[in-house]
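Everything below concerns the one structure shown next.
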Amino acid sequence: MKRKEKIKANLFSLILPILFLLFWQYGAIKIDNNAVLPTVGRIASNFAHALDDFIGTGSLPMNIAYSLVRVFIGYSIGVIIGLPLGLLMGYFKPIRHFFENFISLFKPIPSISWQPLVMGWFGINSIARILKLDYGPVFAVLDNFKVSMIFIIAIGSFFSVWGGAMFGVSNVRKVLVESAEVLGASKSDIFFHVLIPAAGPNIINGLRGGLTSSWACLIAAEMLPGSMNGVGYLITHARELARMDIVITGVIIIGVIGALFDAIFRVIVEKKFSWQRYVK
Numbered sequence: 000m001k002r003k004e005k006i007k008a009n010l011f012s013l014i015l016p017i018l019f020l021l022f023w024q025y026g027a028i029k030i031d032n033n034a035v036l037p038t039v040g041r042i043a044s045n046f047a048h049a050l051d052d053f054i055g056t057g058s059l060p061m062n063i064a065y066s067l068v069r070v071f072i073g074y075s076i077g078v079i080i081g082l083p084l085g086l087l088m089g090y091f092k093p094i095r096h097f098f099e100n101f102i103s104l105f106k107p108i109p110s111i112s113w114q115p116l117v118m119g120w121f122g123i124n125s126i127a128r129i130l131k132l133d134y135g136p137v138f139a140v141l142d143n144f145k146v147s148m149i150f151i152i153a154i155g156s157f158f159s160v161w162g163g164a165m166f167g168v169s170n171v172r173k174v175l176v177e178s179a180e181v182l183g184a185s186k187s188d189i190f191f192h193v194l195i196p197a198a199g200p201n202i203i204n205g206l207r208g209g210l211t212s213s214w215a216c217l218i219a220a221e222m223l224p225g226s227m228n229g230v231g232y233l234i235t236h237a238r239e240l241a242r243m244d245i246v247i248t249g250v251i252i253i254g255v256i257g258a259l260f261d262a263i264f265r266v267i268v269e270k271k272f273s274w275q276r277y278v279k
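Heads up: the sequence shown begins at 0 in the working numbering, then just goes up one per residue.
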């Protein structure tokens, strides 16, 4: 019975996407202008020919790979800085009071607003140039990872990671800490064995939001001078050439990969922290 209900629920969830595709196809046929709204078939054709060169930027898998590496580097930097800082600020009130207001000033700034500044600070310097590599195949690959792009992506991830860690630790129930103190636990034991596990779901949600934000910052990062590939660059370059079919293809890729990232973290929370729903 449960299996039938699950199948029905899955089929029911497909109704809206199917209606959306039908409406899209109808609108595209009526408009009859690929520069405004291409047909569903045109987009499907792009995915079917994913290994072809797309307007001089390379294949879809290659562009996706460059974007994923940029996001991974930027996200890792955001986590390395944001996670320990958030944990410390959540546990030690003096550290929180010292940093919180200053950091919060930068939180509302959109990632695209950093573009002029990072170009002035870093120019088109890349990992290859920082490492002072000789020109060759390795240089050609690493030169695609500009410091300015990575900075924007790192900023995008930092605030979610930092906020999730700080909120999680600072909102752990006092009774858990007090019980550990009564049992003779040291401050380090309380921090690592009480606070962090109890704050786990909030920390994971912060990491999840940080990865989603990093991926969302990709277009702003890959719009910067010096970018010659990546999904974000593919979208902006296709827009300049009035290739709306490629723009929509890129948007779908960003949406699908972002949803996959989100789903992975939801599974982690469900698997590792399901016990918390029974804690009152």
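For glycine and all other residues, C-beta sits at the position ideal for the given N, C-alpha and C.
Everything numeric in this text was worked out from a predicted model, so none of it was measured.
- Query: What's the gap between the Cα of arginine 69 and the Cα of alanine 127?
  - Reply: Computed Cα separation, rounded: 14 Å.
- Backbone secondary structure at serine 187 - three-state DSSP: Helix, per DSSP.
- If you drop the 5 nearest sequence neighbours on each side, which residues of the same chain put their C-beta closer than 7 Å to that of glutamine 24? For glutamine 24, where only same-chain residues beyond five positions count, the Cβ hits under 7 Å are Thr38 and Val39.
- Determine, using beta carbons only, whether isoleucine 203 and isoleucine 263 come nearer to each other than 7 Å. The Cβ-Cβ distance between isoleucine 203 and isoleucine 263 does not fall below 7 Å.
- Message: So, under 8 Å CB-CB, glutamate 221 and glycine 229 are touching, yes? Tell me the CB distance rounded to an integer number of Å.
- Response: Taking C-beta atoms under 8 Å as the contact rule, glutamate 221 and glycine 229 qualify, at a distance of about 4 Å.
- From this set, Gly155, Lys106 and Met148, which residue's C-alpha is nearest serine 66's C-alpha? If you compare the alpha carbons of Gly155, Lys106 and Met148 with that of serine 66, the shortest gap goes to Met148.
- Give, in chain order, every unbroken run of the alpha helix (DSSP H) that is at least 4 residues long and sits entirely within the region 195–277. Runs found: 199–215, 217–221, 230–239 and 243–271.
- Query: Taking the alpha carbon of phenylalanine 105 as the point to measure from, which residue in Trp120, Ser226 and Gly162 has its own alpha carbon closest?
  - Reply: When each option's Cα is compared against that of phenylalanine 105, the closest is Gly162.
- Is it true that the CB of glycine 199 sits closer than 7 Å to the CB of valine 160? Between valine 160 and glycine 199, the C-beta gap is not smaller than 7 Å, which leaves the two residues out of contact.
- Continuous alpha helix (DSSP H) assignments of at least 4 residues falling wholly in the region 21–98: Fully enclosed alpha helix (DSSP H) runs of 4 or longer: 39–47 and 59–90.
- Own chain partners of aspartate 51 with C-beta closer than 8 Å, once the 5 adjacent residues on each side are dropped: Once the five neighbours on either side are set aside, the close Cβ partners of aspartate 51 are Ser58.
- Task: For the alpha helix (DSSP H) containing tryptophan 120, list its first residue and its last residue.
- Result: 114–121 is the extent of the alpha helix (DSSP H) around tryptophan 120.
- Task: In the DSSP assignment, find the unbroken alpha helix (DSSP H) run with glycine 167 in it and report its ends.
- Result: Taken as a continuous stretch (DSSP letters only), the alpha helix (DSSP H) holding glycine 167 covers 146–169.
- Are the beta-carbon atoms belonging to asparagine 45 and threonine 248 less than 7 Å from one another? Yes, the Cβ-Cβ distance between asparagine 45 and threonine 248 is below 7 Å.
- Using a Cβ-Cβ cut-off of 6 Å (strictly less than) and excluding sequence neighbours within five positions of serine 125, which residues of its own chain qualify? Only Asp142, Phe144 and Lys145 meet the Cβ criterion.
- Query: Going by Cα to Cα distance, which pick from Ile108, Met61 and Leu84 is closest to phenylalanine 98?
  - Reply: Nearest C-alpha to phenylalanine 98: Leu84.
- Backbone CA spacing between alanine 27 and arginine 95 [nearest angstrom]: Rounded to the nearest angstrom, the two C-alpha atoms are 53 Å apart.
- Task: Report back the beta-carbon spacing between alanine 237 and valine 250 to the nearest angstrom; my notes put them in contact at under 8 Å.
- Result: A Cβ-Cβ separation of about 10 Å leaves alanine 237 out of contact with valine 250 under the 8 Å criterion.
- Task: Just tell me which of Phe260, Ile154, Phe91 and Tyr134 has its CA closest to the CA of serine 103.
- Result: That would be Ile154, whose Cα lies nearest to the Cα of serine 103.
- Might you give, ordered along the chain, the residues of its own chain that have their beta carbon closer than 8 Å to the beta carbon of tyrosine 257, omitting 5 neighbours on each side? What sits at residue 257 in the sequence shown is glycine, not tyrosine. Taking C-beta separations shorter than 8 Å and ignoring five residues to either side along the sequence, the partners of glycine 257 in its chain run Thr211, Trp214 and Ala215, following chain order.
- Message: Quick check: what's the CA-CA separation for valine 117 versus serine 226?
- Response: Valine 117 and serine 226: Cα-Cα distance of roughly 14 Å.
- Given a cut-off of 7 Å, decide if leucine 194 and valine 174 are closer than it, judged by their beta-carbon atoms. Leucine 194 is positioned such that its CB atom lies no closer than 7 Å to that of valine 174.
- Task: Could you check the C-alpha separation between alanine 34 and phenylalanine 11 for me, to the nearest Å?
- Result: Cα to Cα, the separation comes out at about 33 Å.
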